[in-house]
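Trainee: In this text, residue positions in the sequence shown follow UniProt numbering: the first is 1, and each later residue adds one.
Quick one: the structure is below, questions incoming.
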Amino acid sequence: MKIAFDVDVLAKQMSITDMVHQVADWGYKYIEQSPHPRINPFYKHPLFSRECEAEYKKALRQAGVEISSFICVYRWSGPSEEQRQHAVANWKRLIEIAVDMDVQVINTELSGDPNQEEICNGMWFRSMEELLPLFEKEGIRVEIQSHPYDFCELNNETCDMVKSFRSDNLAYVYSAAHGFFYDKGKGDVRSMLEYAGDELSHVLFADTFNQELDCRYIVNPPWLNGRGKADVTVHQHLAMGEGDVNFDEIFATLRDMNFANKTFKVGGDAISCVSYFGFPEKMAVQAVEARERIERELLNR
Numbered sequence: 001m002k003i004a005f006d007v008d009v010l011a012k013q014m015s016i017t018d019m020v021h022q023v024a025d026w027g028y029k030y031i032e033q034s035p036h037p038r039i040n041p042f043y044k045h046p047l048f049s050r051e052c053e054a055e056y057k058k059a060l061r062q063a064g065v066e067i068s069s070f071i072c073v074y075r076w077s078g079p080s081e082e083q084r085q086h087a088v089a090n091w092k093r094l095i096e097i098a099v100d101m102d103v104q105v106i107n108t109e110l111s112g113d114p115n116q117e118e119i120c121n122g123m124w125f126r127s128m129e130e131l132l133p134l135f136e137k138e139g140i141r142v143e144i145q146s147h148p149y150d151f152c153e154l155n156n157e158t159c160d161m162v163k164s165f166r167s168d169n170l171a172y173v174y175s176a177a178h179g180f181f182y183d184k185g186k187g188d189v190r191s192m193l194e195y196a197g198d199e200l201s202h203v204l205f206a207d208t209f210n211q212e213l214d215c216r217y218i219v220n221p222p223w224l225n226g227r228g229k230a231d232v233t234v235h236q237h238l239a240m241g242e243g244d245v246n247f248d249e250i251f252a253t254l255r256d257m258n259f260a261n262k263t264f265k266v267g268g269d270a271i272s273c274v275s276y277f278g279f280p281e282k283m284a285v286q287a288v289e290a291r292e293r294i295e296r297e298l299l300n301r
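What follows is the structure, given as structure tokens:
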């Protein structure tokens, strides 16, 4: 199992070189490269100039760190055909970058619009039919997660979509910070992880509050707090223990599933990624504590 750190908060504060060295200083061997304005920006076409690539590769060599995975967020489920086509073009370029950087795993979201679920579902399957042969050709493991405000927010339905392709190049990401959306506020983490089963290749560790409970989050005007009454979702990526997620049960379930020892035909080891965003000023302590807890809970270190 690879233990990675999502560098989103660092990319906003420092250069690529400093970002890589900071992750190494916190004791991580792997970086999960989330959308970065110089590499793979949200929704837009990937960039990654020669200078940027050279800087990144040099920093990785110096720090003794590897990239476990890229994260991309593209509108490959539309809802418009023009958006979908742009997203497919973005995907093709990111795959080239991944191959060049010797990265075999890309973690992504369904995207789309929950108010246009039917059309976005069809757009996503259309994109998959176009891209899956490329994933297979280049030996890339693409891991799917549903995200709050995606056209599908549910754990089991997203798992079924991934499993329907019966492809070794597709797997499932469970994000603890999105879990209350995955089962409409129940928070039954064991049920969700076990449902993902053999396709579970990647877990994102971060805490959040249960948005279905009254006053966990407060937004104004007041009617925005009621799902279904307004076009809004809200969640967080806090340190483990700061929210409502049952991490004791997550770790117990992952141990029962032997997650730490899972390997896949494509992309190799399973990945546990620390995905903290909420308090960058606490990260120097929280990032280390999170890595140590994952090592203790799943690797008996």
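Beta carbons: idealized from backbone N, C-alpha and C, even for Gly.
#1: Helix, strand or coil for Gln22? Go by DSSP, reduced to three states.
#2: For Lys44, which residues from the same chain have a beta carbon less than 8 Å from its beta carbon, with the 5 sequence-adjacent residues on both sides left out?
#3: Roughly how many angstroms lie between the CA atoms of Phe181 and Val234, to the nearest whole one?
#4: Between which two residues does the alpha helix (DSSP H) containing Ala260 stretch?
#5: Apart from the five residues just before and just after residue 334, which ones in its own chain have a Cβ nearer than 6 Å to its Cβ?
#6: Could you check the C-alpha separation between Gly267 and Ser77 for me, to the nearest Å?
#7: So, helix, strand or coil for Ser175, using DSSP?
#8: Can you tell me which of the three DSSP states Leu10 falls into?
#9: Identify, in the order they occur along the chain, each residue of the same chain with its Cβ nearer than 8 Å to the Cβ of Ala290, setting aside the five sequence neighbours on each side.
#10: From Met257 to Glu51, what does the alpha carbon distance come to, in whole angstroms?
#11: CB Tyr30 to CB Phe70, shorter than 9 Å?
#12: Smallest Cα separation from Leu60: which of Asp25, Val142, Asp8 and Val88?
#13: Distance check for Asp214 and Val105, CA to CA, integer angstroms please.
#14: With a cut-off of 8 Å on the beta carbons, I'd call Ala177 and Asp207 a contact; round off their distance for me.
#15: For a minimum of 4 consecutive residues, which ranges assigned as the alpha helix (DSSP H) are wholly contained in the segment 93 to 120?
#16: Terminal residues of the continuous alpha helix (DSSP H) containing Arg293?
#17: Would you list, in sequence order, the uninterrupted beta strand (DSSP E) runs of no fewer than 3 residues that lie entirely inside the segment 40 to 77?
#18: I'd like to know whether the C-beta of Asp244 is nearer than 9 Å to at least one C-beta of chain C.
#19: Would you call the CB atoms of Gly187 and Val232 closer than 9 Å?
#20: Using only the alpha-carbon positions, how far apart do Val99 and Ala63 sit?
#21: Does the Cβ-Cβ distance between Glu212 and Gly185 come in under 9 Å?
#22: Bridge partners for Glu143 per DSSP, in chain order?
#23: Can you list, in chain order, the residues of its chain with a C-beta nearer than 6 Å to that of His86? Leave out the 5 residues immediately preceding and following it.
#24: Taking the C-alpha atoms as reference points, what is the distance between Glu194 and Val65?
#25: Using only alpha-carbon positions, find the residue among Leu299, Leu298 and Ala284 that is nearest to Gly27.
#26: Within 10 angstroms of its Cβ, does Thr108 collect 16 or more other Cβ (buried), or is it exposed?
#27: Please report how far the alpha carbon of Phe166 lies from the alpha carbon of Val23, in whole angstroms.
#28: Nearest-angstrom Cα distance between Ser49 and Ser191?
Mentor: In this structure, then:
#1: helix
#2: Asn90
#3: 10 Å
#4: Run containing Ala260: none; DSSP gives neither H nor E here.
#5: Residue 334 lies beyond the range of the chain shown here (1 to 301); nothing can be said about it.
#6: 24 Å
#7: strand
#8: helix
#9: Phe205, Ala239, Met240, Val274 and Tyr276
#10: 43 Å
#11: no
#12: Asp25
#13: 38 Å
#14: 7 Å
#15: none
#16: Met283 to Leu299
#17: 66 to 72
#18: Here chain C cannot be found, since the structure has a single protein chain.
#19: no
#20: 21 Å
#21: yes
#22: Asn107 and Ala171
#23: none
#24: 31 Å
#25: Ala284
#26: buried
#27: A small correction: the amino acid at residue 166 is Arg; Phe does not occupy that position in the sequence shown. Their Cα atoms are separated by approximately 35 Å.
#28: 44 Å
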